[in-house]
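Chains as they are written, first to last, in my numbering: chain A, 69 to 459; chain B, 69 to 459; chain C, 69 to 459; chain D, 69 to 459. The C-beta atom is built at its ideal place from N, Cα and C for all residues, glycine as well. Since we're looking at a predicted model, the values are computed, not measured. Comments concern the structure below.
There are 4 protein chains.
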Amino acid sequence: MFKLRFLTAGESHGRGLVGIIEGIPANLEINPEDIDRELMRRQAGFGRGGRMKIEADRVEIIGGVRWGLTMGSPLALFIRNRDWENWRRGMSPAREERGSAPPVTRPRPGHADLPGVLKYGQRDIRNILERSSARETAMRVAVGAVARRLLEEFGIAVGGFVTAIGDVSMEIEPSQLMEEDLRSLSAAAEASELRCPEADTAARMREAVERAAEGGYSLGGTFLVYAVGVPVGLGSHIQWDRRLDARLAHAFLGIQAVKGVEIGGGFEMSRRPGAEVMDEIFPASTGRGFTRKTNHSGGIEGGISNGMPVVVRAAMKPIPTQRRPLRSVDIETGGTVEAAYERSDVCAVPAATVIGEAMTALVLADAFLEKFGGDSVEETRRNYEGFLKSL
Amino acid sequence: MFKLRFLTAGESHGRGLVGIIEGIPANLEINPEDIDRELMRRQAGFGRGGRMKIEADRVEIIGGVRWGLTMGSPLALFIRNRDWENWRRGMSPAREERGSAPPVTRPRPGHADLPGVLKYGQRDIRNILERSSARETAMRVAVGAVARRLLEEFGIAVGGFVTAIGDVSMEIEPSQLMEEDLRSLSAAAEASELRCPEADTAARMREAVERAAEGGYSLGGTFLVYAVGVPVGLGSHIQWDRRLDARLAHAFLGIQAVKGVEIGGGFEMSRRPGAEVMDEIFPASTGRGFTRKTNHSGGIEGGISNGMPVVVRAAMKPIPTQRRPLRSVDIETGGTVEAAYERSDVCAVPAATVIGEAMTALVLADAFLEKFGGDSVEETRRNYEGFLKSL
Amino acid sequence: MFKLRFLTAGESHGRGLVGIIEGIPANLEINPEDIDRELMRRQAGFGRGGRMKIEADRVEIIGGVRWGLTMGSPLALFIRNRDWENWRRGMSPAREERGSAPPVTRPRPGHADLPGVLKYGQRDIRNILERSSARETAMRVAVGAVARRLLEEFGIAVGGFVTAIGDVSMEIEPSQLMEEDLRSLSAAAEASELRCPEADTAARMREAVERAAEGGYSLGGTFLVYAVGVPVGLGSHIQWDRRLDARLAHAFLGIQAVKGVEIGGGFEMSRRPGAEVMDEIFPASTGRGFTRKTNHSGGIEGGISNGMPVVVRAAMKPIPTQRRPLRSVDIETGGTVEAAYERSDVCAVPAATVIGEAMTALVLADAFLEKFGGDSVEETRRNYEGFLKSL
Amino acid sequence: MFKLRFLTAGESHGRGLVGIIEGIPANLEINPEDIDRELMRRQAGFGRGGRMKIEADRVEIIGGVRWGLTMGSPLALFIRNRDWENWRRGMSPAREERGSAPPVTRPRPGHADLPGVLKYGQRDIRNILERSSARETAMRVAVGAVARRLLEEFGIAVGGFVTAIGDVSMEIEPSQLMEEDLRSLSAAAEASELRCPEADTAARMREAVERAAEGGYSLGGTFLVYAVGVPVGLGSHIQWDRRLDARLAHAFLGIQAVKGVEIGGGFEMSRRPGAEVMDEIFPASTGRGFTRKTNHSGGIEGGISNGMPVVVRAAMKPIPTQRRPLRSVDIETGGTVEAAYERSDVCAVPAATVIGEAMTALVLADAFLEKFGGDSVEETRRNYEGFLKSL
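The structure is reproduced here in C-alpha cells:
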C-alpha cells in the first residue's frame with residue numbers, strides 16, 4: 069500500500085477482531101450498516117458450517133468517524149466474536165488461565181499449523197491457527213467496506229461472482245464482458261446462495277457441495293472480481309511494485325487458500341497468438357478519448373489501469389480442514405496420527421469472493437488516492453475532476 | 069519487501085540502467101561474473117529479436133562491494149546500454165536536444181503506451197515506453213543475482229524452465245516434483261535455447277516460434293520457477309501482506325506481460341476434492357522432523373514456507389509489439405492508425421523465466437533475512453544454524 | 069520503523085483508543101499490569117488538570133496475547149475513555165447525532181486547530197483537536213510498554229526524568245552520567261510528583277507551576293530519557309533514515325509540543341572544541357572489548373549505538389491551551405475573538421517524559437529486532453547471545 | 069518518506085556516488101546545472117580541507133530526465149569521485165585486489181568506526197568509514213536539488229545560514245524573522261565563505277577556524293534552515309510519524325555529526341511562560357484568511373505547516389577527525405594507540421547547512437506531494453491551485 073496503511077489483529081476465538089485504517093480522506097460518509105452489509109455478504113452462502121450462525125458479525129466504529137463522517141484521522145473498527153463466552157478461559161490473555169485448555173498437537177496438512185509452530189517456536193498449534201484461520205478476513209472485509217465507500221463516491225463499483233466450484237464451472241470469456249455484463253452477472257450472483265449468476269450452474273454447484281458434505285471432503289473453486297468506473301491512470305509502470313496488477317496479485321494471494329490469480333485473459337492469453345489477445349484502440353464514440361471493444365488485458369496495460377473494467381480471477385483450493393481426516397504427525401509425540409478437525413465449512417468460495425472484492429477495493433482505493441487523494445473528499449473530487457477534464 | 073529495499077532506474081535507450089539494493093549482509097562474496105552470468109541467461113533464447121546482439125550486458129559494480137565482498141553498505145549496479153551512441157541525442161537529458169527526434173504517437177494496444185501518456189500528461193509515447201519496456205528487467209536480474217548469491221550461501225537454489233509456448237506445452241504435475249526432479253529439469257532447460265527441458269517439446273516450440281516470426285505475430289507461454297533448500301518458516305500468516313505466496317505473486321505480476329500466477333497445484337487444485345490435494349504429513353525418514361510425499365501446496369502453507377520446494381508458475385501473454393500491426397488511434401491527431409512497431413522479440417518466455425527466477429530470489433532473500441538476517445553473513449549463518457538446530 | 073509496525077487510532081472524547089503493534093516475537097510474557105503501570109506513570113504528576121481523575125486508564129488486550137504470552141500475531145490494545153458517557157452524542161459515530169453539539173470555531177494558537185481545519189476541509193475544530201490532543205499518547209505509552217517488556221528480556225532498561233520546568237532547571241552534564249547515575253536519578257524522579265530527581269529543584273518547580281496556575285498560563289520544560297544495557301550495533305550509518313539518532317529524533321518530535329531534541333551533549337557540543345567532546349576509546353577493564361570514560365555522544369556514533377547509555381534530551385513548549393486566552397479569529401465569522409479554552413494541564417513535562425520513554429522503547433525495540441529479531445523470544449535470545457559471544 | 073522514495077549508495081573513495089529518487093512528477097524542468105550549483109555550494113566554505121580541490125563535483129543524469137524534463141520515471145544520478153584513480157586498487161570491487169591496501173585498525177572516537185566494525189563483523193575500519201564519511205552527503209545534496217526544483221515550481225524556497233561556529237555566534241530571534249528577513253539573511257550568507265550573514269561575526273568565525281586549524285582541533289556550530297512559501301497543510305497530526313516536525317527532525321539528525329535540532333523557538337520556548345511563545349492569530353490584511361505577527365512555532369503547529377516560514381535550527385558537533393589525535397584502541401592488537409587520521413575539514417558547518425537545506429527540500433517535497441502530488445507538474449499545479457482557491 070502506498071497511500072493507505074492498515075493493520076488488522078485479533079484471534080479467531082478471542083474477544084474480537086480489530087482493524088485500523090489510515091489515509092481515508094475526511095468527510096467521507098460512512099455508517100455501520102455500510103460495513104455490516106459486507107460482513108453479512110461474507111457470511112452468507114451455501115456450504116458454510118454451523119459456525120456462521122454463531123457469528124452474525126456487527127462492526128463497532130471506535131475511532132475516526134463522527135456523526136457519520138470521517139475526520140481524516142485513522143478509523144478503528146471492532147468486530148466482537150460472539151463465541152467468546154465459550155472461549156473466555158481457553159483464549160484468555162491472562163496468565164492465570166494458562167493450561168485451561170489442552171494443546172492442539174496434530175497439524176492439519178495444507179494449513180499454517182505445522183510451519184507456523186516451527187517458525188514461532190510453539191507447542192500448541194492453537195497459537196497459530198487462531199490467527200491463520202479465515203475468521204480474520206471478517207476484518208479485511210470491514211476495512212474493505214470503507215474503501216468501497218470511498219470508491220463509490222467516485223463512481224467506482226466493485227463486484228464479483230463464483231465461476232466454479234470443484235469441477236462445476238460456468239463458461240465465461242472475460243475479454244468479452246463489458247461493464248453492463250459484469251454488473252448484471254454480479255446482481256444475479258447476489259441472489260444466489262452459491263454466489264453464481266447462472267441458476268442451473270448454481271444448482272449443480274449446490275449438488276457438488278452436498279455430495280462433498282456427505283463424503284466428508286471439501287471443495288474449492290474459482291471466482292471473478294471486477295471493478296467498473298475505474299479511470300485510466302491507476303498504478304504505474306515505473307517500478308515493479310507499483311504496477312496495479314502486481315498489487316492486486318499481492319492482495320489476492322494474501323487470502324487464505326487462494327493459490328492462483330489471473331488478470332483479464334490470464335493463463336488463456338498465454339496459449340493464443342498475439343494478434344488475438346490485444347485490445348485494439350478505437351476513438352471514443354463521442355467526444356475525445358479512446359475505447360476498446362475487447363478486454364483481454366483485464367483493464368490493466370503496462371501495470372496501469374486503462375479505463376476498461378478491471379477483471380481478476382482467482383483459484384481457491386479446497387479448505388484443508390475436512391471431516392474425513394488426513395494423515396499427520398503429532399508434534400508432541402512424533403507419532404503418526406489423524407489431523408485435528410475443527411468444525412469447518414465444506415466450501416468457502418462464495419465467501420472468498422467477498423473477501424476478494426474487499427481486497428480489490430483496498431488496492432484500488434490505495435491507487436486512486438495515490439493519484440488523486442486529497443485530505444478531504446471534496447479535495448479529492450476536485451483533483452479527480454480536474455484530471456478527467458484534462459484528458 | 070520487509071528487509072531489503074531496492075530501486076531501479078534507467079530508460080531502455082538511455083545511458084544505462086541503475087540499481088541500488090540495501091540490506092545485503094556484509095562479507096558476502098560477490099563478483100561481476102556472478103551477475104553477468106544471469107544477464108547472459110536473460111539474453112539467451114531462441115525467438116529474441118536482433119536487439120540482443122546489441123546488448124551483451126555487463127554489470128559494473130559502483131558501490132557496496134570491495135575486494136569481492138559486500139561491506140553492509142548498499143550495492144549500486146550499473147549496466148551500460150550498448151546502443152546509447154545511436155540514441156545520444158534522442159534520449160539526451162539535455163534541454164538543448166529537445167525535439168531532436170520525432171514523437172511516438174501511435175500507442176500499441178497491450179502496452180503502457182496509452183494509459184501511460186494519459187496518466188503522466190505526455191504527448192510523446194517514448195517518454196513512457198522507454199521505462200515500461202522489458203529492457204528494464206535487466207537490472208532486476210542483476211539485483212536478483214545478488215539475492216541469489218546470498219541464498220546460495222545458505223543452500224537455497226533457485227531455478228526454472230519454460231513449460232509452454234503458445235499452445236505447445238509439456239506435461240508436468242508440479243505436486244509430484246521433488247528437489248532432484250526440479251534440479252534435473254532445470255539443468256536440461258539450461259541447455260535448451262527455448263529453456264524447455266524436454267527436447268522434443270522444445271523442438272515443437274521452436275517451430276511455433278518460427279511460424280509466428282513468419283506470420284508476424286508474437287507468442288506467450290508459461291514457465292515454472294522453483295526454489296529448493298528453502299527452510300520452514302519464511303513468510304507469515306499474521307498479516308495478509310507478509311504471506312510468502314502473496315509476496316511472490318506481487319513479484320511475478322510485477323513482470324511485464326505476466327498476466328497470471330499460481331503456487332504449486334494452483335488452478336488445478338480448485339477443481340479437485342480436498343482429500344486429493346493436501347500434502348499429508350509424515351515423520352522424517354531419519355531423525356526428528358517431518359516430511360511430505362507430495363507438494364500440491366508448492367512449498368507454502370498458510371503463507372509460510374514448509375520446507376518443500378517452492379513452486380510458482382506464471383503465464384505470460386504474447387508480447388504486444390508485433391510486426392503485423394494492430395489498430396490504434398494517433399494521440400496527436402485522433403485519427404485511426406496502425407500501432408507503432410519497434411523491432412522486438414517474437415517470444416520472450418525464456419527471458420521471463422530468468423526474470424521470474426530473479427524476482428523469486430529477491431522475495432526469498434527478503435523473507436530469509438527477515439527471519440535470520442544479521443549484519444554479516446557470519447551472523448546470519450549463526451542465526452540460521454541456531455534455528456535449524458532448535459527444530 | 070523497520071521491523072515493527074504500529075498504528076494507533078481513537079479520539080480524545082470518543083469511545084476509546086485503539087492500538088495495533090505487529091512484529092513482537094512470540095513467547096514474550098506480557099500482562100495488563102505491565103502496561104497499566106506505564107499508563108499510571110503518564111497520568112501522575114503535579115500540574116495536571118482535573119481531567120486526570122476522569123481517566124484512570126486501564127488497558128484491555130484484545131488480541132495477540134494468550135495466557136500471558138505473545139503468540140507472534142499482532143497485539144491489539146484498547147483503552148476505554150472513562151469520560152465517554154458525557155460525550156456519547158457529541159462524539160457519536162452515528163449520523164443521527166449530527167449537530168448534537170455546537171462546533172468549536174475559535175482556533176487556539178500553537179495547536180493543530182487552524183492548520184488542521186484548513187488542511188482537512190473542516191468547519192468544526194473538534195474534528196481536529198480530538199485527534200491532535202495529547203490524550204492520544206496514552207496509546208503510545210501502552211504500545212511502548214510492550215516494547216519495554218521486550219527490551220527488559222534482553223537487559224535493556226529505559227528511564228527518564230524532568231530536567232527543567234520553565235526557567236527552573238537542574239544542572240546536569242549528560243556526558244558524565246554513567247549507567248548507575250542514570251538509574252539512580254530515574255529512581256529518585258519516580259518518587260517526585262514533578263518527576264525531577266533533585267528534591268529542592270522539584271520544590272521550586274512546584275512553586276513555578278503553582279504560580280503559573282494562578283496566573284492562568286502554562287509552562288514547558290525539558291526532560292531527559294535514557295536507555296542502558298543497549299548493545300553496540302543498533303541503527304546504521306549506511307542510509308540516513310536508518311541512523312539510530314535520526315530515528316529517535318523522529319520519535320521525539322512526534323510528541324505533541326516537543327520542539328527540540330538533542331542526543332548526548334547536543335547543542336553544547338557545538339560550542340566546544342573537538343578535543344573536548346569526543347569519547348576516547350579504552351580497553352575494557354576485563355576481558356576483550358572497549359570502554360569509554362565519557363559519553364558526549366549519548367551512546368550513538370555514526371548513527372550506531374556504541375554500548376554506552378543512549379541519552380536523549382527534549383524541549384517541550386508550554387501547552388497552548390491556557391486559561392488566560394490568546395487572540396484568535398473565528399473560522400466561521402472571521403471576527404477577532406479569544407481562543408477556545410478546554411480544561412487542560414498547566415504543565416505536562418512529567419507526562420511527556422513518560423511518553424518520551426515509550427517512544428524510546430519503541431525505537432530501540434525496532435532497532436534491536438532489526439538486528440537480532442527472531443520469531444520467538446527464544447530465537448531472538450539465541451541470535452543476541454551469539455552476537456555478544458562473537459565480539 | 070510517504071510519497072518519495074530515494075536511496076543513495078557509493079563509497080567515499082569508490083568510483084562514485086549513486087542516487088535514485090522515485091516519485092517526482094513528470095514534466096519538471098531539471099538540468100545538470102541546477103544540481104551542480106548545489107554541489108558547489110556544499111563544497112564551498114572556509115575551513116574545509118584540501119580534499120575539496122579534488123572533488124569539484126559534477127552530476128551525471130543517467131535516467132528519468134529527457135530533454136531537460138522529467139518523465140515520471142525514477143531519476144538516477146551519478147557523481148564521479150575524482151580521486152578514484154588513486155584508490156582504484158584499494159577500493160576495487162574486484163576480488164583480485166584483496167589486500168592491496170593495509171587495513172585501518174585504529175578507530176576514531178566519535179565516528180562510526182568502532183560500532184560499525186563490531187556491528188558488521190569487519191576487521192578493516194575502511195569498510196565502514198568509506199560509507200559513514202560525509203562524502204556521501206554530496207548525493208543527498210544532488211537528490212535534494214531535484215526536490216528543490218520541484219518546490220520552486222510552486223513558489224517554495226529553501227535557504228539557510230550558519231548561526232554559530234564554536235563559541236562565536238550571531239544573535240537571532242527566529243520567532244521575529246519573517247519571509248523577507250530570512251531571504252535577505254540567506255542572500256547575505258551566500259556571499260560569505262563561512263555562510264554567515266553578519267560580516268563581523270563571519271570574520272570572528274574565520275579567526276576561530278584559523279585558530280582551530282593551527283591548534284589541530286576541529287569546530288562545530290549551529291545553522292538555521294528555513295522554507296518560505298510553504299502552504300498551510302503539509303504534514304499531519306493523525307499519526308506520530310506523519311508530523312512535519314518529526315519528519316524534519318528525522319532528516320536533520322540523519323546528517324553526520326548533527327546532534328541536536330529545534331523547530332522555531334525550540335529549547336528557548338521551554339523556558340518561557342505560555343503566553344509569550346504562542347503566535348496569536350489575526351485576520352489576513354487583505355481578503356479572507358489568517359496571519360501571525362510572530363513565528364515561535366517555526367511554521368508548524370500540531371505537526372502541520374501553518375503557512376508561516378518553516379524554521380529549523382541544528383547543532384553540529386566538531387568533526388571527530390582531528391590532526392591532534394585522540395586516544396583509541398587498535399582493533400587488531402587490542403593495544404592503546406592514537407586514533408587514525410585522514411585529512412579532513414576543520415569545520416564543516418557551512419557544508420552542513422547546505423545538506424540541511426537539501427534534506428529540508430526533500431521532506432517538504434515529500435509532504436507537498438503527499439497532499440498535492442499528481443503524476444505531472446501540471447496535474448500537481450491544478451491540485452495545488454484548487455486547494456488554495458478553496459481556502
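Rounded Cβ spacing between residue i and residue j (contact assumed at less than 8 Å)
{"i": "residue 338 of chain B", "j": "residue 290 of chain A", "result": "5 Å"}
Beta-ladder partner(s) of residue i, from DSSP
{"i": "residue 89 of chain C", "result": "C:74, C:143"}
{"i": "residue 444 of chain D", "result": "D:94"}
{"i": "residue 384 of chain B", "result": "B:289, B:326"}
{"i": "residue 80 of chain D", "result": "DSSP output for residue 80 of chain D lists no bridge partner at all."}
{"i": "residue 198 of chain D", "result": "Residue 198 of chain D pairs with nothing; no bridge assigned."}
Reduced DSSP category for residue i - H, G, I as helix; E, B as strand; rest coil
{"i": "residue 120 of chain D", "result": "Summary for residue 120 of chain D: the model assigns pLDDT 49, below 50, so the residue's position carries little reliability, and this model does not support an answer."}
{"i": "residue 294 of chain C", "result": "strand"}
{"i": "residue 427 of chain C", "result": "helix"}
{"i": "residue 350 of chain D", "result": "strand"}
{"i": "residue 395 of chain C", "result": "strand"}
{"i": "residue 114 of chain C", "result": "coil"}
{"i": "residue 260 of chain B", "result": "coil"}
{"i": "residue 372 of chain C", "result": "strand"}
{"i": "residue 332 of chain B", "result": "coil"}
{"i": "residue 277 of chain B", "result": "helix"}
{"i": "residue 450 of chain A", "result": "helix"}
{"i": "residue 300 of chain D", "result": "coil"}
{"i": "residue 404 of chain B", "result": "strand"}
{"i": "residue 131 of chain D", "result": "strand"}
{"i": "residue 362 of chain B", "result": "coil"}
Residue i beta carbon near the ligand GTP (any heavy atom closer than 7 Å)
{"i": "residue 366 of chain B", "result": "In the structure on display, the ligand GTP does not appear, and there are no ligands present to speak of."}
Burial state of residue i (16 or more Cβ within 10 Å)
{"i": "residue 191 of chain C", "result": "exposed"}
{"i": "residue 374 of chain B", "result": "buried"}
{"i": "residue 440 of chain C", "result": "buried"}
{"i": "residue 304 of chain A", "result": "buried"}
{"i": "residue 26 of chain B", "result": "Given a span of 69 to 459 for chain B in the structure shown, any question on residue 26 of chain B remains unanswerable."}
{"i": "residue 95 of chain B", "result": "buried"}
{"i": "residue 268 of chain A", "result": "exposed"}
{"i": "residue 231 of chain B", "result": "buried"}
Practice task
Go through the segment 211-255 of chain A residue by residue and report every complete run of the beta strand (DSSP E) that reaches 3 residues or more, in order.
Solution key: Within the segment 211-255 of chain A, the runs of beta strand (DSSP E) that reach at least 3 residues and sit entirely inside it are, in chain order, 225-233.
Problem - 3 or more residues per run - each beta strand (DSSP E) lying fully within the segment 137-186 of chain A - result: Taken in chain order, the whole beta strand (DSSP E) runs of length 3 or more contained in the segment 137-186 of chain A are 143-148.
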